[in-house]
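To start, the structure under review is shown below, and the notes come after it.
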Amino acid sequence: METSDERLLAAYRDGDLAAFEALFRRYQAPLFRHLARMLDDRAAAEDVVIETFQRLHVHRDDFRAGALVRPWVYTIARNLARNRRRHGRLVGWLSLAAVEHEPRVPGPDGSRDEVEGRVAAALAALPAPQREACSLRLLADLSLEEIASVTGASVGTVKSRLFYGQRRLRELLGDLRPGG
Amino acid sequence: MVGRSCLDLAPELLRHPEHLATCASCRATADAVALVAARRDDAAPDLWPRLRARIAASEAASHVHLRFPAIGWRAAAAIVTVAAVPLLAPEPGRLLAVFLGMV
Numbered sequence: 001m002e003t004s005d006e007r008l009l010a011a012y013r014d015g016d017l018a019a020f021e022a023l024f025r026r027y028q029a030p031l032f033r034h035l036a037r038m039l040d041d042r043a044a045a046e047d048v049v050i051e052t053f054q055r056l057h058v059h060r061d062d063f064r065a066g067a068l069v070r071p072w073v074y075t076i077a078r079n080l081a082r083n084r085r086r087h088g089r090l091v092g093w094l095s096l097a098a099v100e101h102e103p104r105v106p107g108p109d110g111s112r113d114e115v116e117g118r119v120a121a122a123l124a125a126l127p128a129p130q131r132e133a134c135s136l137r138l139l140a141d142l143s144l145e146e147i148a149s150v151t152g153a154s155v156g157t158v159k160s161r162l163f164y165g166q167r168r169l170r171e172l173l174g175d176l177r178p179g180g
Numbered sequence: 001m002v003g004r005s006c007l008d009l010a011p012e013l014l015r016h017p018e019h020l021a022t023c024a025s026c027r028a029t030a031d032a033v034a035l036v037a038a039r040r041d042d043a044a045p046d047l048w049p050r051l052r053a054r055i056a057a058s059e060a061a062s063h064v065h066l067r068f069p070a071i072g073w074r075a076a077a078a079i080v081t082v083a084a085v086p087l088l089a090p091e092p093g094r095l096l097a098v099f100l101g102m103v
């Protein structure tokens with residue numbers, strides 16, 4: 001049975017560096033993919049992933065017993081990403097939402113690059129709250145309650161954002177088929 | 001089962017094969033969602049070496065101790081004298097001018 005995130009963090013607090021590495025490797029890929037979608041910048045996403053876990057390292061003793069690691073990680077990442085936008089280092093959430101993204105027509109063979117481009121453009125075309133909810137749900141596999149905790153919204157609001165976001169994705173990607 | 005508002009009533013219907021088999025609208029939404037979720041398999045960089053290096057650097061920086069160069073007693077006396085003159089001399093500006101040969 002896989003060791004829980006909370007037990008790994010507790011082990012790290014007791015000095016087990018291997019536990020921290022295991023925890024980091026569990027999160028780095030889904031967290032990176034989510035941030036890359038939200039920031040539209042792979043290099044920035046890498047920086048935020050690293051900064052997030054550096055914060056985790058610094059504040060590991062502040063983690064409350066009974067709390068969950070995953071919402072904490074994504075909340076830290078969210079705040080760091082928003083700080084970047086505020087400092088003008090990236091074209092972040094709001095500017096992406098304001099840009100018109102015309103979905104590209106895929107090539108005759110529906111190549112993977114074309115599908116990737118269409119998916120990226122479709123996500124970028126969503127309003128920021130819907131994009132965030134869809135990314136956390138579909139790319140990071142967070143539960144509705146976890147998304148609510150990370151974003152500060154109610155579960156009902158998260159459901160609504162997912163509903164309208166997924167419906168818009170259907171409109172933009174309806175001509176593609178999974179597996180492409 | 002109602003078609004257009006299925007997901008509004010029950011979002012989990014996206015994961016029910018029985019419902020998707022009968023509802024074209026939800027099936028189309030599930031297909032779009034699957035395209036996005038498939039990006040979970042995209043390659044991600046290995047960032048552990050960078051994180052480990054950054055934590056090690058911050059740990060090392062927190063242990064830096066400031067050290068001042070050693071000075072002899074003559075240099076120490078000169079420093080004290082220069083610092084004390086403005087406090088003890090009645091007219092430090094005049095004293096400085098005399099010192100510089102301007103009077």
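So the protein sequences, as listed, match chains A and W.
The opening position of the first sequence corresponds to residue 1 in the working numbering, with each subsequent residue numbered one higher.
The opening position of the second sequence corresponds to residue 1 in the working numbering, with each subsequent residue numbered one higher.
Glycine residues also receive a C-beta, built at the ideal position from the N, C-alpha and C atoms.
Since the structure is predicted, the reported quantities are computational estimates derived from the model, not experimental observations.
Original post:
In chain order, what residues of the region 7 to 22 of chain A put their CB closer than 8 Å to some CB of chain W?
Top reply: For the region 7 to 22 of chain A, the set of positions with a beta-carbon nearer than 8 Å to some beta-carbon of chain W reads Glu-21 in chain order.
**OP:** Can you tell me which of A/Leu-68, A/Arg-26, A/Ala-120, A/Arg-60 puts its alpha carbon nearest to the alpha carbon of A/Val-49?
**Re:** A/Arg-26
Subject >> Between the CA atoms of A/Ser-4 and A/Thr-75 - distance to the nearest angstrom >> reply: Their backbone Cα atoms lie some 19 Å apart in a straight line.
**OP:** Give, in chain order, every residue of the region 155 to 175 of chain A whose Cβ lies closer than 7 Å to some Cβ of chain W.
**Re:** For the region 155 to 175 of chain A, which is checked against every Cβ of chain W, the residues closer than 7 Å are Lys-159, Leu-162, Phe-163, Gln-166, Arg-167, Leu-169, Arg-170, Leu-173, Gly-174.
**OP:** Report all residues from its chain with a CB closer than 7 Å to the CB of A/Ala-122; omit the five preceding and five following residues, and keep chain order.
**Re:** Pro-103, Leu-169, Leu-172, Leu-173
Original post:
If you run the structure through DSSP and keep just helix, strand and coil, what is W/Glu-91?
Top reply: coil
Original post:
Cα-Cα, which of A/Glu-2, A/Ala-19, A/Met-1 is closest to A/Leu-9?
Top reply: Considering only A/Glu-2, A/Ala-19, A/Met-1, the residue with the shortest C-alpha distance to A/Leu-9 is A/Ala-19.
Subject >> Other residues of its chain near W/Arg-122: CB distance less than 6 Å, five sequence neighbours each side excluded >> reply: Since the first residue of chain W shown is 1 and the last is 103, residue 122 of chain W is not available in this structure.
Subject >> C-beta neighbour in chain A for W/Leu-51, strict 9 Å >> reply: Closer than 9 Å: yes.
**OP:** Going by CA-CA distance only, name the one from W/Val-36, W/Leu-13, W/Ser-62 that's closest to W/Ser-25.
**Re:** The candidate whose alpha carbon is nearest that of W/Ser-25 is W/Leu-13.
Original post:
Under three-state DSSP, which class holds W/Cys-23?
Top reply: coil
Subject >> Between the CA atoms of A/Gly-15 and A/Phe-163 - distance to the nearest angstrom >> reply: 44 Å
Original post:
When the Cα atoms are used, what is the spatial distance from A/Gly-152 to A/Val-158?
Top reply: 10 Å
Subject >> Rounded C-alpha distance that separates A/Val-150 from W/Ala-76 >> reply: 59 Å
Subject >> A/Leu-176 beta carbon less than 9 Å from that of W/Asp-31 >> reply: yes
**OP:** Could you name the residues of chain W that A/Val-49 contacts, counting a contact when the two beta carbons are closer than 7 Å?
**Re:** Residues of chain W passing the Cβ test: Leu-47.
**OP:** At 7 Å on the CB atoms, spell out the chain W contacts of A/Glu-189, in chain order.
**Re:** Any question about residue 189 of chain A goes unanswered here, given that chain A covers just 1 to 180.
Original post:
Measuring CB to CB, does A/Arg-184 end up less than 9 Å from A/Ala-124?
Top reply: This structure cannot speak to residue 184 of chain A, because chain A is shown only from 1 to 180.
Subject >> Contact list for the region 66 to 82 of chain A against chain W, Cβ threshold 9 Å >> reply: none
**OP:** Kindly say whether W/Ala-28, judged by its beta-carbon, lies nearer than 9 Å to any beta-carbon of chain A.
**Re:** yes
Subject >> A/Arg-177 in three-state terms, based on DSSP >> reply: Of the three classes helix, strand and coil, the one that applies to A/Arg-177 here is coil, per DSSP.
**OP:** Whole angstroms is fine: what's the gap from W/Val-103's alpha carbon to W/Trp-73's?
**Re:** In this predicted model, W/Val-103 has a pLDDT of only 47, less than 50, meaning its place in the structure is not dependable enough to derive any value.
Original post:
For A/Leu-136 versus A/Glu-145, is the C-beta distance shorter than 9 Å?
Top reply: no
Original post:
Taking the alpha helix (DSSP H) that A/Phe-32 falls in, what are its first and last residues?
Top reply: 17 to 39
Original post:
Does the beta carbon of W/Ala-44 sit closer than 9 Å to a beta carbon anywhere in chain A?
Top reply: Contacts with chain A at 9 Å (Cβ-Cβ) include W/Ala-44.
Original post:
CB-CB under 8 Å to A/Thr-52, same chain, minus the five flanking residues each way: which ones, in chain order?
Top reply: Leu-31, Val-73, Ile-76, Ala-77, Leu-80
Original post:
For A/Ala-44 and chain W, any beta-carbon pair shorter than 9 Å?
Top reply: Answer no: the Cβ-Cβ gap between A/Ala-44 and chain W never drops below 9 Å.
**OP:** Could you work out which residue in A/Leu-39, A/Arg-118, A/Asp-62 is closest to A/Asn-83 when comparing CA atoms only?
**Re:** A/Leu-39
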